[in-house]
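Under this note's numbering, the residues of the sequence shown are numbered 172 to 544, in order. In this text, a Cβ means the ideal position worked out from N, Cα and C, and glycines have one as well. All of these numbers come straight from a predicted model, not from anything done at the bench.
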Amino acid sequence: KKYLPAFGSQYTFTMTRATRPTRPKTNNRQKQHWQHNASNNKRKMKTFKKKSKSSKPGTTDNSNTKNKQELKLQLHNVKVSNLILAKQNEFHKFQGSALFRWRLLLSTLTHRSICIDNIRIGDDKPGLTDYEMSFLQLLDKITNGSIIEINESATKVRYKPGALIGSSSIIHFKCCTSRSVAYWMEPLFILLLFCKEQQTSITLYGATYHELDISMDQIRSVLKPILNKHFGCIDIRIDLKTRALSPSGGGEVRLTVPSVSTLKTLHLTEPGMIKRIRGLCYTVSMAPTLSNRVRGACNDLLYNYIPDVWIFNDKTTRSDIIRNINKLNNTHESNIDVSAGYGLTLIAESTNDVLLSVHQLNQNQFDPPMTAE
């Protein structure tokens, strides 16, 4: 006799000398009962199979189709992620500091890792500049999972892009004053269109005008209309709250860009004829009479070519810039050196909706000094 535990109880098994256990004797009534149950089970299985075959194809379960679609989507996402990871592990090599922003921009959009070497290696100040480092910090804010590696001399950068996410809340970013805010806004226009968030807002602080960059008025009057008309990006907003010049800074610009699912093609092959000219003359911490002189000189010259000319004036006082600088630095100083100057932006529109623009800034840096006329 052997006692074996099964589900907490004990069963007794009697074993004979034979290799197999003895089969209990059954009566004829028990055999008939077992055969009757087996036949009933077979009938039930046959009827179930007939019902399943006779079901129409339109009466399938919605839950099963949904599960199949979800599985297909999951498999597709896994394949796409594997392709992206394979691209990110291969580094494309570049040399020099030329087209630094656009290399990083295309790397982020195409998910391709890049390595930029020999950045200003022959200059007196080799390596990345302060505004290029600032642009890398901004890229890190609007992406998730990006890896940026910089060597000790800042002459080599390895960039592994992450996912473009954007932000649901407003991002506040302080730009260095060695370049204007337009240096960061140009690539942001493209990157924010492909973010996962439906809308991203960024407030940039710094200088709104610089001689190496395009003006904020050109971005508002040329780049934004092109995106609106030709690409369907209607809800883009640019709020220029305070104008400022470098190196003091103190300007403030808010950029709001919605995400876009599809893009249209652009066809600009014929420039057409110029039908109107618009312009803006601004002064920063200077007398507003200078803008009147610039506007008068422009009208005298442009009226010889086209009658539809209109130039506006705008001024930014010294107190406005000081108030904004104290707000950024959390100080209450009144004696702050504010950069002064004035400039002019002209935009010409053709009959085929082609926009041509030009900008000139006078910041008392010319020798001999340049007059308003």
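Out of 241, 360, 327, 297, state which residue places its alpha-carbon closest to the alpha-carbon of residue 280. Ranking 241, 360, 327, 297 by Cα distance to residue 280 puts 360 first.
Touch test, the stretch 337-353 against the stretch 301-308, Cβ-Cβ under 8 Å, three pairs minimum: The answer is yes - the stretch 301-308 touches the stretch 337-353, with three or more Cβ pairs under 8 Å.
Per-residue DSSP class, three states only, for residue 288: Per DSSP, reduced to three states, the secondary structure at residue 288 is strand.
Label residue 529 either buried or exposed according to how many other C-beta atoms from any shown protein chain fall within 10 Å of its C-beta, with 16 as the threshold for buried. Residue 529 comes out exposed.
Ordered along the chain, which non-local residues of its own chain (more than five positions away) have a Cβ less than 6 Å from that of residue 319? Excluding sequence positions up to five before and after residue 319, its CB lies within less than 6 Å of the CB of 307, 330, all in the same chain and listed in chain order.
Residue interval of the alpha helix (DSSP H) (run including residue 365): Taken as a continuous stretch (DSSP letters only), residue 365 belongs to no alpha helix (DSSP H), as it is neither H nor E.
In whole angstroms, what separates the C-alpha of residue 399 from that of residue 506? So the two alpha carbons sit approximately 43 Å from each other.
Just mark residue 450 as buried or exposed, buried being the case when its beta carbon has 16 or more other beta carbons within 10 Å. The residue is buried, with at least 16 neighbouring Cβ atoms inside 10 Å.
Within 10 angstroms of the Cβ of residue 389, are there 16 or more other Cβ atoms? Answer buried if so, exposed if not. Residue 389 is buried by the Cβ-count criterion.
Distance between beta carbons of residue 467 and residue 420, contact taken as under 8 Å: No, residue 420 and residue 467 are not in contact; Cβ-Cβ is about 31 Å, not under 8 Å.
For residue 247, count the other beta carbons within 10 Å of its own beta carbon; 16 or more makes it buried, fewer makes it exposed. Which is it? Looking at its Cβ environment, which holds fewer than 16 other Cβ atoms inside 10 Å, residue 247 is exposed.
Can you find at least 3 beta carbon pairs, one from the stretch 500-514 and one from the stretch 436-448, that sit closer than 8 Å? Segments in contact, no.
Where residue 262 and residue 293 are concerned, what is the direct C-alpha to C-alpha distance, given to the nearest angstrom? So the two alpha carbons sit approximately 24 Å from each other.
Closer than 8 Å by C-beta to residue 311: which residues in its own chain qualify, once you throw out the five before and the five after it? Chain order, please. Result list for residue 311: 317, 319, in chain order.
Note down, in chain order, each residue of its chain lying with its Cβ closer than 6 Å to the Cβ of residue 402, except the 5 sequence neighbours on either side. Excluding sequence neighbours, residue 402 sits near 434, 435.
Would DSSP call residue 503 helix, strand or coil? Coil at residue 503, not helix or strand.
Within 10 angstroms of the Cβ of residue 221, are there 16 or more other Cβ atoms? Answer buried if so, exposed if not. Model confidence at residue 221 stands at a pLDDT of 46, short of 50, so the residue's coordinates are unreliable and nothing is read from them.
When the Cα atoms are used, what is the spatial distance from residue 269 to residue 379? When rounded, the separation of the alpha-carbon atoms in residue 269 and residue 379 is 23 Å.
Over the uninterrupted alpha helix (DSSP H) stretch that includes residue 303, give me the two end residues. Here the alpha helix (DSSP H) through residue 303 covers 301-313.
What did DSSP end up calling residue 451 once you bin it into helix, strand or coil? Residue 451: strand per DSSP, three-state reduction.
Once the 5 residues before and after residue 531 are set aside, which same chain residues still bring their CB inside 7 Å of it? Closer than 7 Å at the Cβ level, and outside the excluded window around residue 531, lie 514, 515.
Here's a check: name, in chain order, each residue in its chain whose Cβ is nearer than 7 Å to the Cβ of residue 582, leaving out the five neighbours to either side. The question about residue 582 has no answer, for the chain in this structure spans 172 to 544.
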